[in-house]
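By this note's numbering, the letter at position 475 of the sequence shown is numbered 473, and the numbering carries on one by one without gaps.
Every residue, glycine too, gets a C-beta built ideally from N, C-alpha and C.
Since we're looking at a predicted model, the values are computed, not measured.
Written below as structure tokens is the structure these notes are about.
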Amino acid sequence: MVKEEEGFKANVPTKIRKRAHIVPREENGIDLSAVSPFAISVCQKLQDAGYKAFIVGGAVRDLLIGAKPKDFDVATDATRKKSKVTRRAIIIGRRFRLVHVNKGAETIEVATFRGFAKQGVTKDEDGVITNDNVFGEQYEDAARRDFTVNAMYFDPISGDLYDYHHGLDDIRERKIRMIGDPATRYREDPVRILRAIRIAAKLGFTIDEKTAAPMHYMQTLLLSVPSARLADEFSKMVLSGSAVACMELMNRYDISIPIPLFDVLKRTFGLPFVRKGLERCDARVALGKSISTSFLFAVLLWHEMKEEVAKSTGKTPGQIYEEAAKKVADSYRWDGLQSRYVSDMAIIWKLQPRFLVRSRRAAMKLLQHPRFRAAYDFLLLRASSGDASHELADWWTAYEGATDEERLEMSKEAEHQDRKERERLRQERAAEGKSEEGEADGEEKEKKKRRRRRKKRFDRSKPSKSEKASSDKEKVSK
């Protein structure tokens, strides 16, 4: 049930800080060259029109710690319609309306300052805000934000930093602290529990004790959050470049995300293959490289895939992997995984048994496959965790970098080795079969011996022919 809160004030702190601590350009240390020129342009246009305009949120936090912001958000006292500073600006959002200003591939999100709600805010029966289009002053907007490190405002025109809640001090102390009462803020939006963990893991910060205290017992509120939003937050965690740190914090605070994908990761996080996969993805992000979402989810669900392979009734490796991949993919298709990711993930799995066939034709065909690189990287990861042969991984590494003539020789040698290996396995199976037959023969002989012994005992207990004859004569004479 959703109701409108007429007199509700959205987590107003006991002491409202109406005046910000202003840190000038010379002292805040923000490098203006690291700021998006387009974001500066949006702020400039709004200020030229007579409005306040600041870069806010995670971008300011990242600039202060010397990291490169992923994107830039702008906060202003201009209303939504006035915030449309270019023709390529659209109003979006449902719970809180925003303006997206576009230029090429870059999008700047512009939001009007949120106020302490008096009318118009709607909440469900659990206290979760479902509609929040109430505007106010800058200090109110600062109090409405979640963590102190995300509640600072940077004016790219003057270079000044506006800090209402000692966010700069918390950055220096490497601490994540909630603005206002943590339990109330988690009740308003339970996803803040996951955001606290993700931001702390990403920055290498600790979570303030008061902020962390309610997280465990209030995680039940996550059950009321749409699964699509939880899946999105889960994706941010594992793709953030700090997936291992996120999982360690989730385990430390005993927090779970109520979606099947997280259940799988929590169950398999201790396996060398999964942990190495997450570590490699984190390392790629640290180097500024992109992560293949399909590859990452193929790693997370590989344990499930292997279980399905073991249960498959297919006759050939191709059939077995095809059947198992379809079952796993269909099981998690709805769980925040887009169809294109599911399809690519299944291809990575289905290519794994093809690495075992190294004939000239099969090897060249696999090498030319569009998903060879992803499947090959997956094979290397399996080999590094003991799930596949190092010799096989090394062979494919050499094969990929070889000339056509060298590849031909490598395939001939591999085919010869594979024939020898198949013959060895055939002989072992035959020997095992003979051994089993010998054991069966031995058991049969033992049974016959036991039957003969029983028969002898029975025969001894019976009277002999002479004894029986004399007994009969005695009966006749009587």
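Secondary structure, alpha helix (DSSP H): runs of 4+ residues fully inside the stretch 264 to 339:
Counting only unbroken stretches of 4 or more residues, the alpha helix (DSSP H) elements lying wholly within the stretch 264 to 339 are 270 to 284, 291 to 298, 300 to 309 and 315 to 330, in sequence order.
Given 8 Å, three or more beta-carbon pairs between the stretch 311 to 330 and the stretch 356 to 374
Taking a contact to require three or more Cβ pairs closer than 8 Å, the stretch 311 to 330 and the stretch 356 to 374 do not qualify as touching.
Quick check on the DSSP output: what are the complete alpha helix (DSSP H) runs of length 4 or more inside the stretch 168 to 230, in order along the chain?
Segments of the alpha helix (DSSP H) lying fully in the stretch 168 to 230: 180 to 186, 189 to 201, 207 to 210 and 213 to 216.
Count the other CB atoms, across all protein chains shown, that sit within 10 Å of the CB of Tyr509; report buried if there are 16 or more and exposed otherwise.
No information on residue 509 is available, as it lies outside the stretch -1 to 476 that the chain covers here.
If you draw a straight line from the alpha carbon of Arg175 to that of Asp168, how long is it in whole angstroms?
Those two C-alpha atoms are separated by around 7 Å.
Taking the beta strand (DSSP E) that Asp161 belongs to, which residues open and close that run?
Going by DSSP, Asp161 is part of the beta strand (DSSP E) stretching over Leu159 to Asp161.
Please report the straight-line C-alpha distance between Ser290 and Gly239, rounded to a whole angstrom.
C-alpha separation (whole angstroms): 12 Å.
From Tyr184 to Phe376, what does the alpha carbon distance come to, in whole angstroms?
Between the alpha carbons of Tyr184 and Phe376 lies a gap of roughly 39 Å.
Cβ atoms of Ser292 and Ile346: under 9 Å apart, would you say?
Yes, the pair counts as a contact, with Cβ atoms nearer than the cut-off.
Buried or exposed: where does His414 fall if 16 or more other Cβ atoms within 10 Å of its Cβ makes it buried?
Only exposed fits His414, as fewer than 16 other CB atoms lie within 10 angstroms of its CB.
Residues near Ile205 by beta carbon distance below 7 Å, same chain, minus five either side
Result list for Ile205: Ile174, Ala194 and Ala198, in chain order.
Given a threshold of 16 other Cβ atoms within 10 Å of its Cβ, counted over all protein chains shown, does Ile127 qualify as buried or as exposed?
A caution first: Ile127 carries a pLDDT of 47, below 50, which makes its placement in the model unreliable, though a value can still be read off. Buried, because 16 or more other Cβ atoms sit within 10 Å of the Cβ of Ile127.
Start and end of the beta strand (DSSP E) containing Leu96?
Run containing Leu96: Leu96 to Lys101, per the beta strand (DSSP E) assignment.
At what residues does the alpha helix (DSSP H) containing Thr395 begin and finish?
Taken as a continuous stretch (DSSP letters only), the alpha helix (DSSP H) holding Thr395 covers His388 to Glu398.
Cα-Cα separation between Lys16 and Asp71, rounded to whole angstroms
Here the alpha carbons of Asp71 and Lys16 stand approximately 22 Å from one another.
As assigned by DSSP and simplified to three states, the class of Arg17
In the structure shown, Arg17 sits in coil (DSSP, three-state: anything other than H, G, I, E or B).
Under 8 Å Cβ to Cβ from Ala18, same chain only, skipping five residues before and after it: list those, please.
Same-chain partners within the cutoff: Gln136, Tyr137, Ala140, Tyr151, Tyr160, Asp161 and Tyr162.
Is the Cβ-Cβ distance between Arg278 and Met235 less than 9 Å?
Going by C-beta atoms, Arg278 is not nearer than 9 Å to Met235.
Look up Glu404 in the DSSP assignment and say whether it is helix, strand or coil.
In this structure, Glu404 counts as helix in the three-state DSSP scheme.
Cα-Cα separation between Asp416 and Arg424, rounded to whole angstroms
In a straight line, the C-alpha of Asp416 is about 12 Å away from that of Arg424.
Leaving aside the five residues before and after Ser156 along the sequence, list all residues of the same chain whose C-beta is less than 8 Å from its C-beta, in chain order.
Arg23.
By a C-beta neighbour count over all protein chains shown, 10 Å radius and 16 as the cutoff for buried, is Pro270 buried or exposed?
An exposed status is given to Pro270, since fewer than 16 other beta-carbon atoms sit within 10 Å of its beta-carbon.
What does DSSP give as the partner residue(s) for Ala109 in the beta ladder?
Per DSSP, Ala73.
Can you give me the Cβ contacts of Gln317 inside the same chain, cut-off strictly under 6 Å, excluding the 5 residues immediately before and after it?
Closer than 6 Å at Cβ, skipping near neighbours: no residue.
With 16 as the cutoff for other CB atoms within 10 Å, does Ile14 come out buried or exposed?
That one is exposed.
Ala65 (DSSP reduced to helix, strand or coil)
Three-state DSSP puts Ala65 in coil, outside helix and strand.
Residues that DSSP places opposite Tyr151 in a beta bridge
DSSP, once it has assigned bridges, lists Val54 and Tyr160 as partnering Tyr151.
Classify Glu25: buried if its beta carbon has 16 or more other beta carbons within 10 angstroms, exposed otherwise.
Result: exposed.
Look up Glu104 in the DSSP assignment and give the residues it is bridged to.
In the DSSP assignment, the residues bridged to Glu104 are Lys101.
Arg250: buried (16+ other C-beta within 10 angstroms of its C-beta) or exposed?
Its Cβ having fewer than 16 others within 10 Å, Arg250 is exposed.
Check whether Pro258 and Leu221 have beta carbons under 9 Å apart
Not a contact, by the Cβ cut-off of 9 Å.
Thinking just about the alpha-carbon of each residue, which of Leu276, Thr74 and Ala211 is nearest to the one in Arg112?
Restricting attention to Leu276, Thr74 and Ala211, the CA atom closest to the CA of Arg112 is found in Thr74.
Cut-off 8 Å between Cβ atoms - residues of its own chain near Met216, not counting five sequence neighbours on either side
The residues are Ala181, Tyr184, Arg185, Pro188 and Ile191.
Please report the distance separating the alpha-carbon of Thr101 from that of Pro35.
Correcting the residue identity first, residue 101 is Lys in this sequence and not Thr. Each residue's alpha carbon lies about 11 Å from the other.
Is the shortest distance between the beta-carbon of Asp375 and the beta-carbons of chain D less than 9 Å?
Here there is only one protein chain, and chain D is not present.
Taking the CB atoms as reference points, tell me whether Glu305 and Gly312 lie closer together than 9 Å.
In this structure, the beta-carbon distance from Glu305 to Gly312 does not fall below 9 Å.
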